[in-house]
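Taking it in order: structure first as structure tokens, then the write-up.
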Amino acid sequence: MYEYDPLEIETKWQEFWLRNKTFQTPEDTEAPKYYVLDMFPYPSGSGLHVGHPEGYTATDIIARYKRMKGFNVLHPIGWDAFGLPAEQYAIRTGTHPRETTEKNIVRFREQLQMLGFSYDWDREVNTTDPDYYKWTQWIFLKLYEKGLAYQDEVAVNWCPELGTVLANEEVIDGKSEVGGFPVVRKPMRQWMLRITEYAEQLLDDLENLEWPESTKEMQRNWIGRSIGADIDFQVADHDEKINVFTTRPDTIFGATYMVLAPEHHLVEQLTTEEQRETVAEYKEKAALKSDLERQELSKDKTGVFTGAYAINPANNKEIPIWVADYVLVHYGTGAIMAVPGEDERDWEFAEKYDLPIIRTVEPPEDFEGKAYTGLGQTINSDFLNGLETEEAKLKIINWLEKNGVGKKSINYKLRDWLFSRQRYWGEPFPVIHVDGEPKPVLESELPVELPEIDDFQPTESGEPPLARAKDWVVTKDPETGKTALRETNTMPQWAGSCWYYLRYISPQFDEGPVEKSGEEYWMPVDLYVGGSEHSVLHLLYARFWHKVLYDCGVVSTKEPFKKLVHQGMILGEMEYTAYRKNGQYLRPSDAGGMDDVEKVKLTEKDIEKRQEKFVLKGTDIEVDAKAYKMSKSRGNVINPDQVVDQFGADSLRLYEMFMGPLEQVKPWSTKGVEGVYRFLNRVWRLIIDEESGEIQKNVEETEPDKEQLKVLHEAIRKVTEDIENMRFNTAISALMIFVNEANQWEKLPVSVLNTFVLLLSPFAPHLAEEMWSRLGNSESLVYEPWPEFNEEYLKEETVMYPVQINGKVRGEVHVPSDKAKAKDYVLAQARKEKNVQRYLDGTTVVKEIFVPGRIINIVVK
RNA sequence: GCCCGGGUGGCGGAAUUGGUAGACGCGCCGGAUUCAAAAUCCGGUGGUAGCGAUACCGUGCCGGUUCGAGUCCGGCCCCGGGUACCA
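Residues 47 to 907, numbered by the working numbering, are exactly what the first sequence covers, in order.
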């Protein structure tokens, strides 16, 4: 027997491609280029997950398709290899992170090659390679030169468990994103990057990107631009002024008090003698609160009076100044004018502390809430009375500017990027400290390599692990000869991934991060595919660095990634669960909070659907039906190696693309893999006789007939269109339809099969290569021209029209194609149809709708 | 709370500018092959009624626009993701 043996043919072609460097990126710049990029993986110890091949298969299909369309394709892969897990493993076992990382990379590379991806393996990058991070450090020096990198004593998110600080984005609900450990606030000296400098550009340039709207929106929200005014409030009996930011300057007449954040620099000076103790106590309490506590307590507002008063510049009234932690020191100016009538938070606070409330916007008649935050007519506001909100804003800003007490202003939520970590396994900063002052390392001294150490824990004094390498830390300033200390913080994992897409263009280039002409040819990335979990972090940071590099003249485009697509998560197989306690079944909705609930795992055979719910077969017992995120603890992780072992890489690729739209979250189904495996078997048997292992007898060098051309060209049309639009599931369905049809043909023209094999090749490249060579072609099909479809072959001899009476289909008529557009003829034929006549009998025709090539609708009374 | 997505058979999902809802695959049912099974092949498969032609119902719910709505508009419900005192 000569059955379809995926393992044999896949190994054969993978070796062929590697040996012949089939996917080596072309050096010429004649042809149009296409740069298709995957988000490179962190090579974890657990190996490839079925989620990885999803995006990678999608980009691989595009890469293979574009090559056949005559593009020069850049399709690289690499390793985002710095990171916590290898370091934590090192702390536990003493194994150097480099060793762990190298081992994991070998495994990942093997797994990716086993799936037949058409990467150019000569362009692999590795962020932990000194030849790579040399340029990460180089870019840091550029940031430093431009004043975009600075040190600051900041209250940081310190995670004692991990022994490091975390960026705000890495803290979720007061816990570390990695590991879920508690995070506390702690003032520390840190490196910061001035991403806020680029807030405006990062926001504006989103507009022209072909990115998912939701991702753009997330970045917009993250940057958080708001337009309003800065206003000065003179403090009564003081020289000081309090500057506030507000988006509602039109409500200034309703500002009945002010609030400073506990950390505001004027709190000390303004507090009166009587209030000193109360305020000091309050400040202390606020400082001790962790992020988590702040969020939990956010419902109940607290604050204390400073004893001081400010003067509202609009009406010269004295209003009290309070301190409260519902005002955040790092947003706006850290102080607000409180307008309880128009702001829910201020209303809540005013109610609690019995402060006056004045409405300055007329709420709608049916308005029932407390603070009215909407727009409307201005009231109780002297010269603004009667104006609509937008007009009032303009007028008051004008007035403020004229009187020198305020001006129009734009504020961003975005904060500077906390860029240092107290870790070993990251890029060392190219910085030395001389006499306590930071000094950049000379470019010629790069890379600053990681020193060898044997204990990866932070030191007893709480310094980063690098401080253990004393010989490395203590150095000399080459310029002055003075003793200098190296920076012992390292860069966060995001650093290496901020520019890796540039390194692929010229991975060996040693005069800069990227070679100029290559950059000009290949950039921007035409298609970037990766998870939506990187919507803000990686994608915002990378855009920021890119813009800095643009300003430095290193890159020629303002944006790195032209088109972005997120693949949806693959969930575990569907699970059916019934809940039982003390022998009694429970409703899933009740079982949630209870103890000692027994979960009964069921299979599809045990259940049936009743109305909206699943129940235990033959009973009323409700059953939970849900697909869960794959996780080790749940035991529902699907291992790609096993799928490949059982069905082959082509089946895995094909199944992951056939599951549904790429962007969508979808559950795994082993039965579904079997389905596409059966399809590939049918392809095999269509061409190969399993008895003899030879080409089927009915495969001949004949001219295809009309029907065959029609079926083939329909497949070409559909597959081409669907690949262009990344609708891989329906493209595969079109291939299946072709095979179903072809299976019924008596004779199979070789030319038709050749074309079909080309259509199949981006999806199932191994089987396609095998069929291609067995059909008598000598070269690999990778650079064969993509089939063109011919409209002529798609024409039908007759056209079918559904016939509706009053919008309901009552029959259909077939008319010759040449008469298909003749309204009168087609309608006449329609009226002759038996069932249609039945409905026309005894009625009057009111209207006849004729949509050429589509439908007929006869409206009767 | 706010901002984005999304609700279509038993399941994953198809459906051009509004034009026959359910392509393709899974599952299920029936048949062929087989000593039997697996594999394979053929046929059927939204629900209800009917031997059948056919009819009625059907794309989360309620209403609207239209000759015609899964698709457009208004109001809700549910699920998923993001975000949260951002002045």
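Glycine included, C-beta positions come from ideal geometry on N, C-alpha and C.
It should be emphasised that the depicted structure is a prediction, and the values quoted were computed from it without experimental measurement.
Considering only residues of the same chain and omitting the five flanking positions on each side of Gln-350, which have a CB-CB separation below 6 Å? Here residue 350 refers to the residue found at position 304 when the first sequence is read from its first residue. Reading off the sequence, residue 350 comes out as Val, not Gln. Contacts found: Thr-324, Val-325, Tyr-328, Val-369.
Is Glu-434 near Phe-186, with beta carbons less than 9 Å apart? Indexing the first sequence from 1 puts residue 434 at position 388. Indexing the first sequence from 1 puts residue 186 at position 140. No. Outside cutoff.
Distance CB(Glu-56)-CB(Met-160) smaller than 9 Å: Walking along the first sequence from the start, residue 56 turns up at place 10. Walking along the first sequence from the start, residue 160 turns up at place 114. Their beta carbons are under 9 Å apart, which means Glu-56 touches Met-160 by this criterion.
Closer than 8 Å by C-beta to Gly-558: which residues in its own chain qualify, once you throw out the five before and the five after it? Chain order, please. Mapped onto the first sequence, residue 558 falls at position 512. Cβ-Cβ distances below 8 Å link Gly-558 to Trp-181, Trp-184, Val-600 in the same chain, with the five nearest sequence neighbours on each side left out; the list follows chain order.
Pull up the CB-CB distance for Met-304 and Ala-384, whole angstroms please, since I reckon it's below 8 Å. Here residue 304 refers to the residue found at position 258 of the first sequence. Here residue 384 refers to the residue found at position 338 of the first sequence. A Cβ-Cβ separation of about 6 Å places Met-304 in contact with Ala-384 under the 8 Å criterion.
Among Pro-524, Glu-525, Leu-531, which one has its Cα closest to the Cα of Lys-516? Taking the first sequence and counting its residues from 1, the one referred to as residue 516 is at position 470. Checked all of Pro-524, Glu-525, Leu-531; the closest Cα to Lys-516 is Leu-531.
Answer with buried or exposed for Pro-510, where buried requires no fewer than 16 other C-beta atoms within 10 angstroms of its C-beta. Taking the first sequence and counting its residues from 1, one reaches residue 510 at position 464. Per the 10 Å Cβ criterion, buried.
Quick check on DSSP: helix, strand or coil for Phe-607? Residue 607 sits at position 561 when you count from the first residue of the first sequence. Residue state for Phe-607 is assigned as strand, using DSSP reduced to three classes.
Would you mind reading off the limits of the beta strand (DSSP E) that contains His-860? Position 814 of the first sequence, counted from the first residue, corresponds to residue 860. Note, His-860: beta strand (DSSP E), 854 to 862.
Lys-604 versus Phe-291 - alpha carbon distance: As a working mapping, residue 604 is identified with position 558 in the first sequence. As a working mapping, residue 291 is identified with position 245 in the first sequence. If I take the Cα positions, the gap works out to 31 Å.
How many Å lie between Val-480 and Tyr-470 at the Cα? Here residue 480 is taken as the residue at index 434 of the first sequence, counted from 1. Here residue 470 is taken as the residue at index 424 of the first sequence, counted from 1. Going by the C-alpha atoms only, they are around 22 Å apart.
Just curious, the alpha helix (DSSP H) that Trp-63 is in, first and last residue? Position 17 of the first sequence holds residue 63. Start and end: 52 to 65.
Does the Cβ-Cβ distance between Ala-333 and Ile-442 come in under 9 Å? For the purposes of this step, residue 333 is taken as the residue at position 287 of the first sequence. For the purposes of this step, residue 442 is taken as the residue at position 396 of the first sequence. Result no, Cβ atoms of Ala-333 and Ile-442 do not sit closer than 9 Å.
Give me the DSSP bridge partner(s) of Arg-626. One-based indexing of the first sequence puts residue 626 at position 580. Listed as beta-bridge partners of Arg-626 by DSSP are Tyr-631, Glu-644.
Please report how far the alpha carbon of Arg-900 lies from the alpha carbon of Lys-841, in whole angstroms. Within the first sequence, the letter at position 854 stands for residue 900. Within the first sequence, the letter at position 795 stands for residue 841. Rounded to the nearest angstrom, the two C-alpha atoms are 15 Å apart.
In chain order, each beta strand (DSSP E) run of at least 3 residues that lies wholly inside the segment 158 to 232: Counting only runs of 3+ residues, the beta strand (DSSP E) found wholly inside the segment 158 to 232 occupies 195 to 205, 210 to 212, in chain order.
Buried or exposed (CB count within 10 angstroms, at least 16 for buried), Gly-853: Taking the first sequence and counting its residues from 1, one reaches residue 853 at position 807. Result: exposed.
Do the segment 545 to 553 and the segment 230 to 240 make contact, defined as three or more Cβ pairs closer than 8 Å? With the cut-off at 8 Å, the segment 545 to 553 and the segment 230 to 240 do not touch.
What is the DSSP secondary structure of Leu-794, counted as helix, strand or coil? For the purposes of this step, residue 794 is taken as the residue at position 748 of the first sequence. Here Leu-794 sits in strand by DSSP.
Pro-795: buried (16+ other C-beta within 10 angstroms of its C-beta) or exposed? To locate residue 795, count along the first sequence from 1; it is residue 749. Flag for Pro-795 reads buried.
Flag this pair as yes or no: are the beta carbons of His-142 and Thr-71 separated by less than 9 Å? For the purposes of this step, residue 142 is taken as the residue at position 96 of the first sequence. For the purposes of this step, residue 71 is taken as the residue at position 25 of the first sequence. For His-142 and Thr-71, no; Cβs fall outside 9 Å.
At a cut-off of 8 Å, is Ile-404 close to the ligand FMN when judged by its beta-carbon and the heavy atoms of the ligand? Ligands are entirely absent from the displayed structure, and the ligand FMN is therefore not among its contents.
Alpha carbons only, please: which of Thr-302, Ile-741, Glu-644, Glu-843 is nearest the one belonging to Glu-364? Position 318 of the first sequence, counted from the start, is the residue given in the question as residue 364. Scanning Thr-302, Ile-741, Glu-644, Glu-843 for the CA closest to the CA of Glu-364 turns up Thr-302.
If you drop the 5 nearest sequence neighbours on each side, which residues of the same chain put their C-beta closer than 7 Å to that of Pro-476? Residue 476 sits at position 430 when you count from the first residue of the first sequence. Here the set comprises Gln-183, Phe-186, Leu-187, Pro-486, Val-487, Leu-492, Val-494.
Report buried or exposed for Ala-77, applying the criterion of at least 16 other Cβ atoms within 10 angstroms of its Cβ. If you number the first sequence from 1, residue 77 lands on position 31. So Ala-77 ends up on the exposed side.
How is His-812 classed by DSSP in three states: helix, strand or coil? For this step, residue 812 is matched to residue 766 along the first sequence. If DSSP states are grouped into helix, strand and coil, His-812 belongs with the helices.
When burial is assigned at 16 or more other CB atoms within 10 Å of the CB, is Met-846 buried or exposed? On the first sequence, residue 846 is found 800 positions in, with the first residue counted as 1. Met-846 should be labelled exposed.
Arg-731 (DSSP reduced to helix, strand or coil): On the first sequence, residue 731 is found 685 positions in, with the first residue counted as 1. It is helical.
Which class does Thr-801 belong to by DSSP, given the choice of helix, strand or coil? Here residue 801 is taken as the residue at index 755 of the first sequence, counted from 1. Of the three classes helix, strand and coil, the one that applies to Thr-801 here is helix, per DSSP.
What does DSSP give as the partner residues of Arg-294 in its beta bridges? Walking along the first sequence from the start, residue 294 turns up at place 248. By DSSP's assignment, Arg-294 forms no beta bridge with any residue.
Beta-carbon contacts of Leu-755 that lie in its chain and below 7 Å, excluding the five residues immediately before and after: Against the first sequence, residue 755 aligns to sequence position 709. A distance below 7 Å between beta-carbons, with the five flanking residues on each side excluded, links Leu-755 to the following residues of its chain, in chain order: Tyr-839.
Rank Glu-223, Ala-201, Glu-246, Asn-254 by C-alpha distance to the C-alpha of Arg-231 and give the top, closest one. The sequence position of residue 231 within the first sequence is 185, counting from 1. Closest by C-alpha distance to Arg-231, out of Glu-223, Ala-201, Glu-246, Asn-254, is Ala-201.
What are the boundary residues of the beta strand (DSSP E) that includes Lys-893? For the purposes of this step, residue 893 is identified with residue 847 of the first sequence, where counting begins at 1. Here the beta strand (DSSP E) through Lys-893 covers 891 to 897.
On the premise that Thr-297 lies in contact with Thr-406, defined as a C-beta separation below 8 Å, what is that separation, rounded to the nearest angstrom? Taking the first sequence and counting its residues from 1, one reaches residue 406 at position 360. Taking the first sequence and counting its residues from 1, one reaches residue 297 at position 251. Right, the Cβ-Cβ distance comes to about 5 Å (below 8 Å), so this counts as a contact.
Helix, strand or coil at Pro-484 [DSSP, three-state]: For the purposes of this step, residue 484 is identified with residue 438 of the first sequence, where counting begins at 1. Residue state for Pro-484 is assigned as strand, using DSSP reduced to three classes.
How close, in whole Å, do the beta carbons of Tyr-829 and Arg-113 come, if the pair is a contact with beta carbons under 8 Å? One-based indexing of the first sequence puts residue 829 at position 783. One-based indexing of the first sequence puts residue 113 at position 67. The Cβ separation is near 6 Å, so the contact holds.
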